[in-house]
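Right, one structure below, let's go through it.
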Amino acid sequence: AVMRIEEVDEKHSFLLELNAMNRAMALMCKNLKEYRSYMPQTLILEDEDDSSDADTAASASRKSSAASRSNAASRRSGGGQSFASFMSKSAGASQAAKTAVAAVEKRQGMVLSLQRKKVSFVVGNVSGWLGQIASMADREVVRVHGEILSLALAAFAANKGVSEVFSGDRFVASFNAAKNCGTHRTNACAAACLMKHDLAEKLPATQMHFACVSGDGRVGNCGNETMKKYTFMTPVLTWAFGLERIARTHELAIAADNFVFEDASMQFTVKVAFDVIFAKRAKKSAIRVAEIMGKKASGESDEWLYELEDAAAKDPYTRWNKFADAVLGQNWDNAAAHAAEASEIDNGPLFQFLAQQLEDKAVKPVSLMYH
C-alpha cells in the first residue's frame, strides 16, 4: 500500500508521534543520568568493560544465529555438515555468550560472591567542617561540598581507586577491591597527595586529613532479594577510620600505616610519627604510623638503585626518621644524638611528643579504642 501525501492527517501524523517519542526518550536519558549519580561507584565503575563484555555476548549471539542460518541454507541446498558438528558449534557459540553475560552480571552485583584480596583504603575528612559552614547558606554549603567531592572523585579515579561512600565531610575510597590495582598501596598515597594538592590550589580555605591503610579482607557482592551491595568484610576499613581520627588529633596531613608507607617509600617522602596500639585487643601489638609528605622528585625515585645515598642526602626526613626510629626502638643514646637536627626539621607537636618519650626513656604508643 502507498500513502498519498494528501491523505496524511496533520493532527495524527506519524511524524508527530516520532517527535513525541524522541522528546520522551531525551527526558528519560536525562533522568537516567541523574539517577546514575545515586548509584554506587562499584556498580558503574566498569562501564567500558561491561560494554566490551556485552559486545562479546552480542557477537557470540550473532555468530550463533549466523551459523543457524547458514546451516539451514545448507540443508535446503542438500549439503552441509553433520548434525553432531552443527550442535557442537552452536553449543560453543552459546557458551561464549553465556560466559560474557555472566561476567557482566557478576560485575554489576547480580551474582552474590566474595573473594579474598589485599586491599587499601583512603579515608579523608575535612577539618573544622561544621565551623566552616556554620554561617553559610544551605545552597552555598551544597556548592562547596560538591566542589570538594569533585576533587575527591577525580583524585581517586586518576589512581584506579573507587569512591565507596561519602558521609557529610568524610570521603572513602578503596583500591584493589572492586577494581584490580596491583600497586594499590602506592596508588592510595598518590590519591591522597593529589587531593591535598588540588585542595590547596583550588580551595585553600579547606583543609583535610587523610588515612591510608592496607590489609587482607573479603570483598564482593552480598545481600538478599531486597537489597544487594558491594561490601568489605575486613577490619582494615575500621582501622582506616580510626587512623583518620588520630591524624586529626596529631596534626598529620596524610597518615599511613607501615604496610602502606614501607611499600610507597621509594616514590614518596615518609616522615615516621609514632606507634599505635588497639586498646581493646588482648594482644597489644603496635602498628607504626608515618606521615606521607609528598611525592619525591623524579631524580630521587628514578634509577634509585644508583642514587640512594644522594636521595637520602636531599631528603631532610631521612635525618628525622633516624631520630624517630631510635625513640620508638628505645635506642635512647642514638635518639639523643639525632634530637637536635630533628628539631631543626620540625619542632612542632610531633617532635615534642617524641622528645618527651626520650626524656622519660619510655615509649608511649598512641592508643586507639578499636571496635
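Going by the working numbering, the first residue of the sequence shown is number 652, and it counts up by one from there.
Glycine residues also receive a C-beta, built at the ideal position from the N, C-alpha and C atoms.
Item: Segment contact flag, the stretch 970–981 with the stretch 991–1003, C-beta cutoff 8 Å, min 3 pairs; Value: yes
Item: Exposure label - D700; buried when at least 16 CB within 10 Å; Value: The predicted position of D700 is uncertain, since its pLDDT is 47 and thus under 50; a value taken from the coordinates is nonetheless stated next. The residue is exposed, with fewer than 16 neighbouring Cβ atoms inside 10 Å.
Item: Range covered by the alpha helix (DSSP H) that runs through M846; Value: H835 to K853
Item: Where N998 falls, given that 16 or more other Cβ within 10 Å makes a residue buried; Value: exposed
Item: Sequence ranges, alpha helix (DSSP H) only - wholly within the stretch 862–929, length at least 4; Value: 887–900 and 909–915
Item: K947 - DSSP class collapsed to helix/strand/coil; Value: coil
Item: 6 Å CB neighbourhood of S703 in its chain, flanking five on each side removed; Value: Per-residue confidence for S703 stands at a pLDDT of 47, beneath the threshold of 50, marking its modelled position as unreliable; the derived number appears in the next sentence. Counting only Cβ-Cβ distances below 6 Å, and skipping sequence neighbours, we find nothing.
Item: Option in R869, Q1003 and A1013 with minimal Cα separation from L979; Value: A1013
Item: D926 beta carbon less than 8 Å from that of I943; Value: no
Item: T707 versus F822: straight-line alpha-carbon distance, rounded; Value: Here the model assigns T707 a pLDDT of 48, short of 50, so the residue's position is not dependable, and the following value carries that caveat. So the alpha carbons of these two residues sit roughly 36 Å apart.
Item: Assigned secondary structure, G797 (DSSP; H/G/I helix, E/B strand, else coil); Value: helix
Item: Other residues of its chain near Q1007: CB distance less than 6 Å, five sequence neighbours each side excluded; Value: none
Item: Bounding residues of the beta strand (DSSP E) (the contiguous stretch that carries G775); Value: S764 to V777
Item: Three-way DSSP call (helix, strand, coil) for A937 in this model; Value: coil
Item: Top-ranked residue by Cα proximity to F929, from A824, T889 and T900; Value: T889
Item: Beta-carbon contacts of F912 that lie in its chain and below 6 Å, excluding the five residues immediately before and after; Value: V921 and A941
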